[in-house]
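In order, the protein sequences belong to chains A and B.
Quick note on this note's numbering: the first sequence kicks off at 296 and runs consecutively.
Quick note on this note's numbering: the second sequence kicks off at 296 and runs consecutively.
In this text, a Cβ means the ideal position worked out from N, Cα and C, and glycines have one as well.
Below: the structure, in structure tokens.
2 protein chains.
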Amino acid sequence: MTEDVVRALGLLCLGTHLKRLGERLQSETDTVIAARGLAISASQYPYLACLDRLGPLTLGELAEAVGVSQPGATRTVNALVGQGVLAAEPAPDDQRRKIVALSAEGRRLVAIGRAEIWPRIAAAVGDLCADLDGPILDQLNAIEDRLRQKPLAERAPPPSGKD
Amino acid sequence: MTEDVVRALGLLCLGTHLKRLGERLQSETDTVIAARGLAISASQYPYLACLDRLGPLTLGELAEAVGVSQPGATRTVNALVGQGVLAAEPAPDDQRRKIVALSAEGRRLVAIGRAEIWPRIAAAVGDLCADLDGPILDQLNAIEDRLRQKPLAERAPPPSGKD
DNA sequence: ACGGATTATATAACGGATTATGTAAACGGA
DNA sequence: TCCGTTTACATAATCCGTTATATAATCCGT
């Protein structure tokens, strides 16, 4: 079995193709994160990064900034609150709103991420995509082929013992 | 709220970004399909196309050709069998295997797709991606911006009344 | 001041991906 | 021939996205 049908169908299945690669990349990113012993998944990171960048937000603002639906954000925020990574408080001026912020544990995780993990992931993904050009379908194909050849974890620079 | 955090984080959230756009594209493709009154979703189409191209396959072969996990394929195949679109029979030479093929209804849907839908979707997606070049992140951003500006359904050529 | 319209989030339902595991069938070496 | 190993698919569990709806809070025109 050698035919990859989604690839053969080209633009017709672009959505499916994007999703497929996205799932794959998130999964491989999770592998790099888990190797450091952290329990944050690739899909949760944008929430932490967002609150780190923008400070406390309402749930709706967070959903918008991350680019997901409100119920999706509600669920992820609830999970992260349960993990002690985020804190959610009622807004002082509007009882409908909930203000979400990084907890102390969340700030600790962000600090570790900044120092040890996110640069490695960015470098690995950068290596994965290096020098790619041309139509998006070709790039998706190339990235998939490169991943098959060498997983993301092997592309990440080794954790630096120093500095 | 103007900042799109996933976009701002660049390569670090490439997986999330790919998934986001893939979800969006599939959703907009579903809109075009539904306008024709068909009940096949964008994510199901690769299964039909695969069986149309390659003929009857075992469930495992189908999963591999579409690029999904076996349980994922099992579920989608079961749903499509339930819709009468696919037919699944035990293999004659191996009781563990199940052979999946298009049903008569499935072939009818494929014929309609070929004649009326898939060319329109491919054209719409082609229009969406036209002339894009450069790093994949830039292309993702551009596609998202273009979709926001003009949905896929408005990019598809009108259904041809004649030929 | 009142109340219909709007807003913010929670919840329900559904779709769809994965890994892990279970069960049965098939394989192949001793 | 026997049986440990492998294979194919079903099932379970988990995660995560969406739309629709419910509920409560807030807004603002009358």
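Beta-carbon proximity check, residue i vs residue j, cutoff 8 Å
i        : j        : result
Ala374/B : Gly367/B : no
Asp347/B : Ser336/B : no
Ile407/B : Leu333/B : yes
Tyr340/A : Cys308/B : yes
Ala419/B : Leu427/B : no
Val327/B : Arg415/B : yes
Buried versus exposed call for residue i [16 or more other C-beta atoms within 10 Å across all chains shown]
i        : result
Arg315/A : buried
Glu411/B : exposed
Gly310/A : buried
Pro454/B : exposed
Ala330/A : exposed
Ala451/B : buried
Ala425/B : exposed
Gln321/B : buried
Glu323/B : buried
Gln434/B : buried
Gly362/A : buried
Helix, strand or coil at residue i [DSSP, three-state]
i        : result
Asp440/B : helix
Glu384/A : strand
Val363/B : coil
Ala396/A : strand
Leu423/B : helix
Leu352/A : strand
Arg402/B : helix
Ser322/A : helix
Ala448/B : helix
Ile335/A : coil
Arg391/B : coil
Gly379/B : coil
Asp299/A : coil
Gly429/B : coil
Spatial distance of residue i from residue j (CA atoms)
i        : j        : result
Arg443/B : Pro385/B : 46 Å
Gly263/A : Glu400/A : Outside the modelled stretch of chain A, which goes from 296 to 458, sits residue 263/A, for which no answer is possible.
Ala396/A : Glu356/A : 12 Å
Pro351/A : Arg302/B : 19 Å
Val376/A : Arg370/A : 10 Å
Gly317/B : His312/A : 7 Å
Asp389/A : Leu354/A : 13 Å
Val372/B : Arg319/B : 23 Å
Lys445/B : Asp422/B : 11 Å
Leu381/B : Asp440/A : 31 Å
Leu404/A : Leu304/B : 17 Å
Val300/A : Ile394/B : 18 Å
Checklist line | Contact residues within the stretch 330 to 350 of chain B, judged by C-beta distance below 8 Å to chain A | finding: Ala337, Ser338, Tyr340, Pro341, Ala344, Cys345, Arg348 and Leu349
Margin query: At a CB distance below 7 Å, what residues from the stretch 297 to 331 of chain A approach chain B? Give them in sequence order.
Written below: Result list: Glu298, Asp299, Val300, Val301, Leu304, Leu306, Leu307, Cys308, Leu309, Gly310, Thr311, Leu313, Lys314, Arg315, Leu316, Gly317, Glu318, Leu320, Gln321 and Thr324.
Check: Taking any Cβ of chain B, which residues in the stretch 391 to 418 of chain A have a Cβ under 7 Å from it, in chain order?
Finding: Trp413, Ile416 and Ala417
Item checked: Interfacial residues, the stretch 423 to 436 of chain A to chain B, with Cβ spacing under 9 Å -> Among the residues of the stretch 423 to 436 of chain A, those with a Cβ less than 9 Å away from any Cβ of chain B are Leu423, Cys424, Leu427, Asp428, Gly429, Pro430, Ile431, Leu432, Gln434 and Leu435, in the order of the chain.
Margin query: Along the stretch 351 to 382 of chain A, where does the CB come closer than 7 Å to a CB of chain B? Name the residues.
Written below: Taking 7 Å as the cut-off between beta carbons, the residues of the stretch 351 to 382 of chain A near chain B are Glu356, Glu359, Ala360, Val361 and Gly362, in sequence order.
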